[in-house]
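Let me begin by presenting the structure, written as structure tokens, before commenting on it.
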Amino acid sequence: MHNPDRPVEVEVVERVAETPSIYTLHLRFTDPEVASAYRLLPGQYNMLYLYGVGEVPISIVSDPDHEGPLEHTIRSVGRVTEGMERLQVGDRMGLRGPYGRGWPLEEAEGRDVVIVTGGLGCAPVVSMIRYVLSRRERFGRLVILQGVKHTDDLIWRRQYERWQALPNTQVLLAADVGGPNWPFSVGKVTVLFNQANIDRDRSIVMLCGPEVMMKASIDRLLALNVPPESMWLSIERNMQCGIGHCGHCQVGPYFVCQDGPVFHYPALRPWLGVTGF
Amino acid sequence: METSARFLPRSSVDSLFDAIRHEGFSRLVGPVVRDGAIVYREIASAADLPRGMRDRQAPGTYRLESQDDSVRTFSWANGPQALKPMTFAPREALWRCERDESGGLGFRDAAQEHEPTAVIGVRACDLAALQIQEQHFLKPPYPDPHYAARRSSLFLVAVHCSHPADTCFCASTGDGPRAESGYDLAMSELDEGFVVTGGTDRGRAVLASMGLDPASSLQQDKADREVEAAALGQGRSLPSRNLKDALYARLEHPHWDQVGRRCLSCGNCTAVCPTCFCHAEQDEPALTGETSEHLRQWDSCFTAVHSYMGHFLVREETRLRYRQWLTHKLASWHEQYGRSGCVGCGRCIAWCPVGIDITAEVAALMESGDAQS
Numbered sequence: 022m023h024n025p026d027r028p029v030e031v032e033v034v035e036r037v038a039e040t041p042s043i044y045t046l047h048l049r050f051t052d053p054e055v056a057s058a059y060r061l062l063p064g065q066y067n068m069l070y071l072y073g074v075g076e077v078p079i080s081i082v083s084d085p086d087h088e089g090p091l092e093h094t095i096r097s098v099g100r101v102t103e104g105m106e107r108l109q110v111g112d113r114m115g116l117r118g119p120y121g122r123g124w125p126l127e128e129a130e131g132r133d134v135v136i137v138t139g140g141l142g143c144a145p146v147v148s149m150i151r152y153v154l155s156r157r158e159r160f161g162r163l164v165i166l167q168g169v170k171h172t173d174d175l176i177w178r179r180q181y182e183r184w185q186a187l188p189n190t191q192v193l194l195a196a197d198v199g200g201p202n203w204p205f206s207v208g209k210v211t212v213l214f215n216q217a218n219i220d221r222d223r224s225i226v227m228l229c230g231p232e233v234m235m236k237a238s239i240d241r242l243l244a245l246n247v248p249p250e251s252m253w254l255s256i257e258r259n260m261q262c263g264i265g266h267c268g269h270c271q272v273g274p275y276f277v278c279q280d281g282p283v284f285h286y287p288a289l290r291p292w293l294g295v296t297g298f
Numbered sequence: 079m080e081t082s083a084r085f086l087p088r089s090s091v092d093s094l095f096d097a098i099r100h101e102g103f104s105r106l107v108g109p110v111v112r113d114g115a116i117v118y119r120e121i122a123s124a125a126d127l128p129r130g131m132r133d134r135q136a137p138g139t140y141r142l143e144s145q146d147d148s149v150r151t152f153s154w155a156n157g158p159q160a161l162k163p164m165t166f167a168p169r170e171a172l173w174r175c176e177r178d179e180s181g182g183l184g185f186r187d188a189a190q191e192h193e194p195t196a197v198i199g200v201r202a203c204d205l206a207a208l209q210i211q212e213q214h215f216l217k218p219p220y221p222d223p224h225y226a227a228r229r230s231s232l233f234l235v236a237v238h239c240s241h242p243a244d245t246c247f248c249a250s251t252g253d254g255p256r257a258e259s260g261y262d263l264a265m266s267e268l269d270e271g272f273v274v275t276g277g278t279d280r281g282r283a284v285l286a287s288m289g290l291d292p293a294s295s296l297q298q299d300k301a302d303r304e305v306e307a308a309a310l311g312q313g314r315s316l317p318s319r320n321l322k323d324a325l326y327a328r329l330e331h332p333h334w335d336q337v338g339r340r341c342l343s344c345g346n347c348t349a350v351c352p353t354c355f356c357h358a359e360q361d362e363p364a365l366t367g368e369t370s371e372h373l374r375q376w377d378s379c380f381t382a383v384h385s386y387m388g389h390f391l392v393r394e395e396t397r398l399r400y401r402q403w404l405t406h407k408l409a410s411w412h413e414q415y416g417r418s419g420c421v422g423c424g425r426c427i428a429w430c431p432v433g434i435d436i437t438a439e440v441a442a443l444m445e446s447g448d449a450q451s
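These protein sequences, in sequence, are chains Z and W. For the first sequence, the residue numbers in my numbering are 22 to 298. For the second sequence, the residue numbers in my numbering are 79 to 451.
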């Protein structure tokens, strides 16, 4: 029986420092056969392994059709991610995946795609944004609403500015605390809904970020008569195996590692915002 | 193949053990008394079985008593652990990473060689729990080879339960006291010996090889009556085999606070539960720096780190951990595995240091018709 829990070797081919605590690793499979068999969907994640320390689940930022290294944007928050921050180009690590359910690509075809994110760049939606932008004709408008705590927290600011300049694309940013060089809105991401032209019948909404932010955003969207069936969200839990065995990521009847991390909002609604689940 | 019940005289139990060994299961594991409890360890012969031992169990209590006048060796209910550690090891290596001089990493599967082992005296509740754990660990698309290798090394000899403890409630969950499936051989103990039936071809082959007489109808009736009495004698129960909707409607019930104040969050219940499967993964690098073992180890939803998220804990308070455990076991388990995750073994009651009783907590939660009051 194949051991589903065993990683394969990858090499760090590029390392980008995004902020003092956020970095992006570009990883290449050292075995060409593994590389050619690897398939991913936007919204899925890999388990990354740091030798002798352990594994962490990290979303994949790359487009599924992009041939080349896999990009993972990581925030230093614990033992493993702090250790990975010290990796240099040429260093080896382990990778297994991709795991979980990604964004609903078929349901999104032909519709306006509204992305609502908060926090630090929110890697899981970046792969979806890239997916839409490189298949532009298959989707309607692209609306990106991004909230951050502090103006310094916005990573990929140039990327957002580039997206903002694209036709049929609306990018709205808000920071809880503004600053001298912050030309965007001040407040929570929910302040942006009035400026966003969301067509409630044509839109599919994809949310990612802190659960309180997503819950507040969903409430605003429901008030705008966006149907619950048009909303999808990516959530985060402690994940140690990625294959539905270890039990840590449970939310109600779901194992987030396999049934998620992307959920249809109606399926997650009874559990969203219930303390302890 | 012959399937009717056979009679195994008490003096011939060692012949049965020999026949099982002859079938290829050279190692025998069975109940023995160790540190004041009945646990499963390697045995050599029938003389190692706990003759005349009776248990007394209550919330937070487990005591063994010896009855010198009894010849019986299975007149007790389950101790703290039986099958689970044999299939889902408390700690085991999943793979090993080797690092060469240039920093290259090689990943190797951990060895999965397990000596074929016969387990003597498996109880119905543990066979039901085994089927649940098989569903969990062997489900597609990622069946676990470590679990599969351990499971396939086992030959299971069930003994129908005739002496349930006060903490047992398998009759109400539908999982005992009679072992209905999942065994190779099943036995009922009488004073003079055992009524034995086969459950698999290899079990029936062992039985046929011994040339035993058929069990008399008198012996079979007596064996059946003891198991029926064991069911009727159980004082504890759960109110339904499916409490999903009832518990989901009571997520904010004040009783969670009440039980949360008593619970020590120690994790004993999850360690003794035969269906709990949570485990943590961790690395153990060798001091030479050349290899690192990737291990899994039993974990518990009662620990703080179980819900650790880098910046916060999903379940900071004990009441939330108890609610997670109970609602998983009795509610969301139905959605995940098509049945409750409780087999009525009662271990979590006896081995709870403060005597929290799952049947009493459920009763208290159900008492209030209004879920929110």
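The beta carbon of each residue, even a glycine, is placed where N, CA and C say it ideally should be. Note that the coordinates shown come from a computational prediction; the quantities given were computed from them, not determined experimentally.
- By the Cβ neighbour-count rule, glutamine 279 of chain Z is buried, with 16 or more other Cβ atoms within 10 Å of its own.
- The DSSP-derived three-state label of glutamate 176 of chain W is strand.
- Contact between alanine 115 of chain W and proline 158 of chain W holds, with the beta-carbon distance rounding to 6 angstroms and staying under 8 angstroms.
- Here threonine 138 of chain Z carries a strand assignment [DSSP, helix/strand/coil].
- In terms of beta-carbon proximity, histidine 269 of chain Z lines the interface with chain W, with at least one pair separated by less than 8 angstroms.
- Taking 8 angstroms as the cut-off, the Cβ atoms of proline 287 of chain Z and glutamate 250 of chain Z count as close.
- Counting only Cβ-Cβ distances below 8 angstroms, glutamate 257 of chain Z has contacts in chain W at Met387, in chain order.
- Every alpha helix (DSSP H) stretch that sits fully inside the segment 318–399 of chain W and reaches 4 residues is listed by chain position as 322–326, 333–340, 346–350.
- The beta carbon of histidine 331 of chain W sits no closer than 8 angstroms to any beta carbon of chain Z.
- If you look at lysine 170 of chain Z, you'll find it in the beta strand (DSSP E) that goes 163–171.
- Among the residues facing chain Z, valine 392 of chain W is included, as its CB has a counterpart in that chain under 8 angstroms away.
- The C-beta of glutamate 304 of chain W comes no closer than 8 angstroms to any C-beta of chain Z.
- By the criterion of a C-beta distance shorter than 6 angstroms, glutamate 439 of chain W is surrounded in its chain by Val337, once the five residues flanking it on both sides are discounted.
- A straight line joining the alpha-carbon of phenylalanine 215 of chain W with that of tyrosine 261 of chain W spans about 19 angstroms.
- The segment 250–264 of chain Z and the segment 221–231 of chain Z touch, with no fewer than 3 CB-CB distances between them shorter than 8 angstroms.
- The beta-carbon of arginine 319 of chain W is placed no less than 8 angstroms from the nearest beta-carbon of chain Z.
- Looking at the backbone, the Cα of serine 57 of chain Z and that of glutamate 30 of chain Z are separated by about 14 angstroms.
- Three or more pairs of CB atoms, one per stretch, sit closer than 8 angstroms, so the segment 420–437 of chain W contacts the segment 346–356 of chain W.
- In the DSSP assignment, asparagine 67 of chain Z is bridged to Z:Ile79.
- Listed by position along chain W, the residues whose Cβ is nearer than 7 angstroms to that of glycine 297 of chain Z are Val392, Arg393, Leu398, Arg401, Gln402.
- Measuring C-alpha to C-alpha distances from leucine 398 of chain W to each of W:Arg256, W:Glu330, W:Phe185, W:Arg132 identifies W:Glu330 as the nearest.
- Any Cβ of chain W closer than 8 angstroms to the Cβ of proline 25 of chain Z would place that residue at the interface, and such an atom is present.
- Note on the segment 226–250 of chain W: whole beta strand (DSSP E) runs with a minimum of 3 residues are 232–237, in chain order.
- Annotation for valine 147 of chain Z: the continuous alpha helix (DSSP H) segment containing it runs 144–154.
- The three-state secondary structure of tryptophan 253 of chain Z, taken from DSSP, is strand.
- Residue range 232–244 is occupied by the alpha helix (DSSP H) that includes methionine 235 of chain Z.
- Between leucine 116 of chain Z and the set Z:Val295, Z:Asp26, Z:Leu245, Z:Arg241, the nearest pair of CA atoms involves Z:Asp26.
- Residues of the segment 334–363 of chain W with a C-beta less than 7 angstroms from any C-beta of chain Z: Phe355, Cys356, His357, Ala358, Glu359, Gln360, Asp361, Pro363, listed in chain order.
- Your pair alanine 195 of chain Z and histidine 171 of chain Z does not check out as a contact, with CB atoms roughly 12 angstroms apart and the cut at 8 angstroms.
- Within the segment 220–249 of chain W, those residues whose Cβ lies closer than 7 angstroms to any Cβ of chain Z are, in chain order, Tyr220, Pro221, Asp222, Pro223, Ala226.
- Residue W:Leu234 holds the alpha-carbon nearest to the alpha-carbon of tyrosine 118 of chain W among W:Leu234, W:Asp178, W:Ala441.
- Secondary structure at glycine 273 of chain Z: coil, using DSSP grouped into helix, strand and coil.
- Close to chain W, meaning a Cβ-Cβ distance shorter than 7 angstroms, are the following residues of the segment 47–77 of chain Z: Tyr72, Gly73, Val74, Gly75, Glu76.
- Distance from the CA atom of leucine 91 of chain Z to the CA atom of phenylalanine 50 of chain Z, rounded to whole angstroms, is 9 angstroms.
- Among the CB atoms of chain Z, none fall inside 8 angstroms of the CB of serine 90 of chain W.
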